[in-house]
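Numbering (this note's numbering), first residue to last: 11 to 492.
As structure tokens, the structure follows; a few thoughts come after it.
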């Protein structure tokens, strides 16, 4: 009987778990230990790896063909520039590429892919490596298929030509099934059209009463989108009349929002607006057992209604946004009052920064001097968010739910001729305890609709010179005089 073979288990420099035969060398591998494997299993693994390499070479060749057609049409330089721009405006990147980990988390230093991309502008396509072909073609197709959402699904994974084409095909197939259509096998000749169809299908499904949401793993930063029919969620109690798609918004909330704005305008008193947001956030916290929650938005709508809204949004400062951040009763009873107030205030400042960072992403041709991120579009459930994100570690953000607004099953928020996504949101946090479940997400969506109602009313009723003057420092430290 053939003896088992010793295999070394360790981590490579990119942090990936690696099984290595001693004959292959162990340099650069941080050891965990040895295991003994049947030579038959090792032989199968090597065969699978060899076949995967052959398939990858074939898929790189297909991507090369597509890039060659783009070059023939004079579009290759534009593709390189677009990919570089996309990378700069994705919040978090943590992708394995060959033997390296490409990582950019929460606005950290320039991503190493940008240097590599800029070098391609001066080189002929025929001289590109397989890695460079995969980088430009793969990211171009992923962003066409679903924007940053599709790219972020590769966080924590190996980025290859094979995995890119598989991800796009699965998106097309999944959405085609939901739409009741035949799944047509793709061809590389129509790769860009094929990628665009994934995005078009998703938008059509929004109109047919489907909700897309994401699962986020804070350990790997991987993000995975899912779709579910709103008919499977059950009645949304705050609407009072069924599901949100195609239905009127709750009349009661609209009336309260209108009264709050009327009181604000008549008496220059923001207390009724403050109460509206406090009620919505507190209700969401209690409904799902969160430790704290928040919503953020602009203090004034003037700049965002403007005909020069791009220039105006670029010129905004963090203080032109507000955040209502509130603890649960359980957290208030367990924490030191002064320290809790400081924590809520710090979180609110960070959320004002986030809102400032997202708003310009609603426009094309944002000046390079103004950094921004693409505004979030889908609700998400995140676990172990305090594993790698510095701000989340400090704020005790372990498990989260985020509901960006307006929801994709609603129209964008219209302010003058401008339309916005990611203009406001609802975020809910657990510092410890169990992860949030889907039923928690549905409940959070219910309360986010109340916030949506306010901003729809505000779009009609708030004047350009109106400024929501609450949720400043004195809201968090009411006994402080300076």
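Think of the CB as a built atom: it goes at the ideal place given N, C-alpha and C, for glycine as much as any other residue.
Buried or exposed by the 16-neighbour rule on C-beta atoms within 10 Å, applied to residue i
i: residue 301; result: buried
i: residue 194; result: exposed
i: residue 217; result: exposed
i: residue 427; result: exposed
i: residue 298; result: buried
i: residue 176; result: exposed
i: residue 407; result: buried
i: residue 134; result: exposed
i: residue 187; result: exposed
i: residue 162; result: buried
i: residue 1; result: Since the first residue shown for the chain is 11 and the last is 492, residue 1 is missing from the structure and cannot be characterised.
i: residue 146; result: buried
i: residue 352; result: exposed
Nearest residue (CA-CA) to residue i, options the options
i: residue 367; options: 311, 328, 377; result: 328
i: residue 452; options: 241, 307, 287, 330; result: 241
i: residue 154; options: 92, 111, 412; result: 92
i: residue 472; options: 268, 83, 238; result: 268
i: residue 324; options: 309, 341, 369; result: 369
i: residue 229; options: 166, 113, 276; result: 166
i: residue 317; options: 450, 137, 373, 263; result: 373
i: residue 144; options: 174, 424, 129, 124; result: 174
i: residue 361; options: 320, 438, 430; result: 438
i: residue 320; options: 275, 465, 392, 371; result: 371
i: residue 291; options: 32, 124, 457, 88; result: 457
i: residue 432; options: 305, 310, 485; result: 305
i: residue 95; options: 66, 125, 220; result: 125
i: residue 386; options: 462, 113, 375, 365; result: 365
Where the alpha helix (DSSP H) through residue i begins and ends
i: residue 368; result: 347-368
i: residue 477; result: Neither: residue 477 is in no alpha helix (DSSP H) and is coded neither H nor E.
i: residue 462; result: 448-471
i: residue 273; result: 261-277
i: residue 160; result: 140-162
i: residue 382; result: No alpha helix (DSSP H) contains residue 382, which DSSP labels as neither H nor E.
i: residue 133; result: Segment: none, residue 133 is in no alpha helix (DSSP H) and carries neither H nor E.
i: residue 339; result: 339-344
i: residue 314; result: 312-315
Local conformation of residue i per DSSP, three classes
i: residue 233; result: strand
i: residue 99; result: coil
i: residue 483; result: helix
i: residue 373; result: coil
i: residue 434; result: strand
i: residue 181; result: helix
i: residue 49; result: helix
i: residue 328; result: helix
i: residue 391; result: strand
i: residue 336; result: strand
i: residue 17; result: strand
i: residue 119; result: For residue 119, the pLDDT reaches just 42, beneath the cut-off of 50, and the residue's location in the model is therefore unreliable, although a value from the coordinates is still provided. In the structure shown, residue 119 sits in coil (DSSP, three-state: anything other than H, G, I, E or B).
Within-7 angstroms CB hit, residue i to chain C
i: residue 318; result: This model lacks chain C altogether, as it is built from one protein chain only.
Where the beta strand (DSSP E) through residue i begins and ends
i: residue 32; result: No beta strand (DSSP E) contains residue 32, which DSSP labels as neither H nor E.
i: residue 424; result: 423-425
i: residue 290; result: Counting along the chain, residue 290 falls outside any beta strand (DSSP E), though it belongs to the alpha helix (DSSP H) covering 281-298.
i: residue 306; result: 302-308
How about the segment 440-457 and the segment 475-487: do they share at least three Cβ pairs that are nearer than 8 angstroms? no
Would you say the segment 29-49 touches the segment 58-73, given that touching needs at least three Cβ pairs under 8 angstroms? no
How do the segment 276-283 and the segment 477-489 stand: do at least 3 beta-carbon pairs fall below 8 angstroms, yes or no? yes
The segment 24-31 / the segment 102-116 touching (three or more Cβ pairs under 8 angstroms): yes
Three or more C-beta pairs below 8 angstroms linking the segment 462-469 and the segment 422-436: yes
Hey, is the segment 158-172 in contact with the segment 65-77, meaning 3+ C-beta pairs nearer than 8 angstroms? yes
The segment 212-227 touching the segment 79-98, judged by at least three CB pairs closer than 8 angstroms: no
So does the segment 341-350 actually touch the segment 388-398, counting three or more Cβ pairs closer than 8 angstroms? no
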